[in-house]
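**Student:**
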Amino acid sequence: MQVLSLGWVDPLEKEMATCSDILAMDRGAWQATFHGVTKSQTRLGDYAATAQGRECAEWYLHSHLRISGYLSTWLVAHGKNQDALPPCVFNPRQGTRTQMVNKEPPQHRRSLPAQPGLWDREGNDRVSASIGGLQEYYYDLCMEKSQEIKPFILQILQEVDKEIEKGSVGITLNIAGNSRSVSGERVTGEDFWILCRVLKNNSYINGLDVRYNLLSDVGAYYAAKLLQKQQNLIYLNLMFNDIGPEGGELIAKALHKNRTLKHLRMTGNKIENKGGMFFAAMLQINSSLEKLDLGDCDLGMPSVIAFATVLTQNQTIKGLNLNRPILYGEQEESTVHLGHMLKENQCLVELHMCKHDIKNCGMKQLCDALHLNRSLQYLDVSCNKITQDGMKCLADVLKSNTTLEVIDLSFNRMENAGANYLSDALASHNRTLKALSVVSNNIEGKGLVALSQSMKTNPTLSHIYIWGNKFDEATCVAYSDLIHTGRLKSDNTDVEPFVVDGHVYLAEVSNGLKRHYYWTPGYGEACSPSSNAGFSLAPVGQHL
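Read in the UniProt record's numbering, the sequence shown has 77 at position 77, and its numbers run on one by one without any break.
(1) Please confirm if the stretch 284 to 294 is in contact with the stretch 311 to 323, defined as three or more CB-CB distances below 8 Å between the two stretches.
(2) Answer yes or no: does any C-beta atom of chain D fall closer than 8 Å to that of L409?
(3) From which residue to which residue does the beta strand (DSSP E) around H463 run?
(4) Give every residue of the same chain whose Cβ lies closer than 7 Å to the Cβ of H108, excluding the five residues on either side of it in the sequence, and list them in chain order.
(5) Comparing C-alpha positions only, which one of T260, R180 and F279 sits nearest to M266?
(6) At which residues does the alpha helix (DSSP H) containing L134 begin and terminate?
(7) Give me the Cβ distance between C297 and N269, rounded to the nearest whole Å; I'm assuming they're in contact under 8 Å.
(8) Compute the Euclidean distance between the alpha carbons of F307 and D161, then round it to the nearest angstrom.
(9) For the beta strand (DSSP E) containing P497, list its first residue and its last residue.
(10) Determine the extent of the alpha helix (DSSP H) in which S303 is found, giving its start and end residues.
(11) If contacts are defined as beta-carbon pairs under 8 Å, then L433 and L488 qualify, I think. What distance do you get, rounded to the angstrom?
(12) Short of 6 Å in beta carbon distance, which residues of its chain neighbour S530, apart from the five on each side in sequence? Order them along the chain.
(13) Compute the Euclidean distance between the alpha carbons of N133 and V187, then round it to the nearest angstrom.
(14) Answer yes or no: do L238 and L215 have a C-beta to C-beta separation smaller than 8 Å?
(15) What span of residues does the beta strand (DSSP E) with V406 cover, start to end?
(16) Let me confirm a value: H503 is counted as buried when at least 16 other C-beta atoms fall within 10 Å, else exposed. Which label applies?
(17) Taking the alpha carbon of Q365 as the point to measure from, which residue in I386, D209 and L299 has its own alpha carbon closest?
(18) Can you give me the Cβ contacts of L537 inside the same chain, cut-off strictly under 7 Å, excluding the 5 residues immediately before and after it?
(19) In whole angstroms, what is the alpha-carbon distance linking L461 and A223?
(20) Could you check which residue in T520, K274, I205 and F498 has the C-alpha nearest to that of R211?
(21) Using 10 angstroms around the beta-carbon of C142, count the other beta-carbons present and answer buried if the total reaches 16, otherwise exposed.
(22) Where do the ends of the alpha helix (DSSP H) carrying I205 lie?
(23) Determine whether the beta carbon atoms of N441 and E415 lie at a separation below 8 Å.
(24) Would DSSP call A57 helix, strand or coil?
(25) On the DSSP bridge list, what partners appear for G319?
(26) Quick one: what's T188 bridged to in DSSP?
(27) For V504, report the span of its beta strand (DSSP E) as first-last.
(28) Of the residues A450, T403 and K446, which one's Cα is nearest the Cα of D424?
(29) Looking at the secondary structure, which residues open and close the alpha helix (DSSP H) in which S536 lies?
(30) Going by DSSP in three states, residue 577 sits in which element: helix, strand or coil?
(31) Pick helix, strand or coil for Y517, following the three-state DSSP scheme.
(32) Between which two residues does the beta strand (DSSP E) carrying Y378 extend?
(33) Relative to the alpha-carbon of S303, which residue among S334, T312, H463 and N314 has its alpha-carbon at the smallest distance?
(34) Helix, strand or coil: how does DSSP classify A435 here?
(35) Please say whether L327 and D357 have beta carbons closer to each other than 8 Å?
(36) DSSP has I483 in a bridge; who is on the other side?
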């Protein structure tokens, strides 16, 4: 536990100086004793071993914790930085400078003064009048449980309190660790314990985003408790929080009884095959969860097969992300089993199979299932090993399928032949596909021009992403014409034309199907349709 180091002599030290050994100590020895240094390293060793010494030490520590909390709260309320902490605070009522210290042990004091302002008429310390609601509750709990008060959490809760005062409902509490406003701070498992206590009975907040923090399995335990008790939470983002198999098990079991959560993101937490099996078992019981993201979770083949088996019966899940499982062998078993699932399941709207090592044979299995499936709108098979033969199978599907609206084929190897197969299907038959990504597919000028020509006869295809292929001048001119004539909006593609010395070139722009899947921009609209077109065109659940 960190204790804020205060730069003045505490009168409490004198109050506790009850023996000659203590009176003889310098300030450094005091700090060393009460900030965690072992007894043998100080001259207070014998005294600290006594009951009176332990009581004094505990009193001293609690006093400094309270001072730390008061000053942290005061700094947040006044928009100041802890680095500029003064050794004492000016009292405007008396025109003097007042040291903020406790005059009695913490158990006999209120966590927060009832009256507004930093000081009362006698000059005793008080907390700013702006502290209230969730912020005050968080502060009280930290004091009660002797937990470090995090100023950045106080600041975020202050903003939420303002929204609640305006009458806002359905608020998402965003404490993402990769946010610029957090300035390197991270929420730990112990911090999350306090947050869960704060949110337990709050009806205004229905979303919680704590991605890129340090919750670990400790935080997963409290997240599971929150899911069991909080009946308003519909969105929970725990991505990249160092949660392991045990933490995954706790969260999955908590969802057996939860009836409100609709969207859960566990992305990047290494729950492995064990945790994946518990989530698959959960889907046999839970009837409310609509979207589950287990991408980059090191799932094994048994857990992928378990998901495929469960989803033949589950009629609630609308979106599933199984990106990058840990697979062994070249038999494409995961693709085969998920293909069989698509033949039976008529409720799944969104399926992500990135990095499943899909080859042409596996793509054929998926396409056979898509001929029978009438619900899937968003198919992500990016970062696989699909070539022109697999694209031919997909083109045959597009000629008859009337539900697919978004297809992500990025980072495969369709080349010109595969692009021609797709362009023929889009030009003459398909009238439902809205977005297509062929980023980095080794397509040359002829294939790219063919795709641009298909957009002239296909009125439905509105989004196309082509960056990372081999542009020639004909390609640049073709897409420049589409953009300048208004057929292709600049927000709906990842290239922008520019002219140098009379020649047209294409530059990359930050648009795509899921540009903000792993991160959120520090400025601008976080969920912009231009950067997250896939989720905008085929929405599933909440907070997409």
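Even glycine gets a Cβ: it sits at the ideal position worked out from N, Cα and C.
**Tutor:** Per the coordinate set shown:
(1) Touching, yes, given that three or more Cβ pairs across the two stretches are closer than 8 Å.
(2) Looking for chain D here will not work: only one protein chain is present.
(3) H463 to Y465 is the extent of the beta strand (DSSP E) around H463.
(4) For H108, the predicted structure reports a pLDDT of 33, less than 50, and the residue's modelled location is therefore unreliable. The matter cannot be settled from this model.
(5) F279
(6) G133 to K145
(7) 6 Å
(8) 40 Å
(9) V495 to V500
(10) DSSP places S303 inside the alpha helix (DSSP H), whose first and last residues are M301 to V310.
(11) The pair is not a contact, with the Cβ atoms about 14 Å apart (cut-off 8 Å).
(12) D491 and N511
(13) Note that residue 133 corresponds to Gly in the displayed sequence, not to Asn. Answer to the nearest angstrom: the Cα atoms are 20 Å apart.
(14) Yes, these two residues count as a Cβ contact at 8 Å.
(15) V406 to D408
(16) Counting every other CB atom within 10 Å of its CB across the protein chains shown gives H503 a total below 16, marking it as exposed.
(17) The shortest C-alpha separation from Q365 is found at I386.
(18) E405, V406, K434 and A435
(19) 42 Å
(20) T520
(21) buried
(22) Not the alpha helix (DSSP H): I205 falls in the beta strand (DSSP E), residues I205 to D209.
(23) yes
(24) Here the model assigns A57 a pLDDT of 46, short of 50, so the residue's position is not dependable and the matter cannot be decided.
(25) For G319, the pairing in a beta bridge is given by DSSP as K291 and E350.
(26) L214
(27) Counted as a single uninterrupted DSSP element, the beta strand (DSSP E) harbouring V504 occupies residues H503 to E508.
(28) A450
(29) In the DSSP assignment, S536 falls within the unbroken alpha helix (DSSP H) covering A533 to L537.
(30) It is not possible to answer for residue 577, since the shown part of the chain is limited to 1 through 544.
(31) coil
(32) Run containing Y378: Y378 to D380, per the beta strand (DSSP E) assignment.
(33) Here the closest residue by C-alpha is S334.
(34) strand
(35) yes
(36) DSSP lists no partner for I483.
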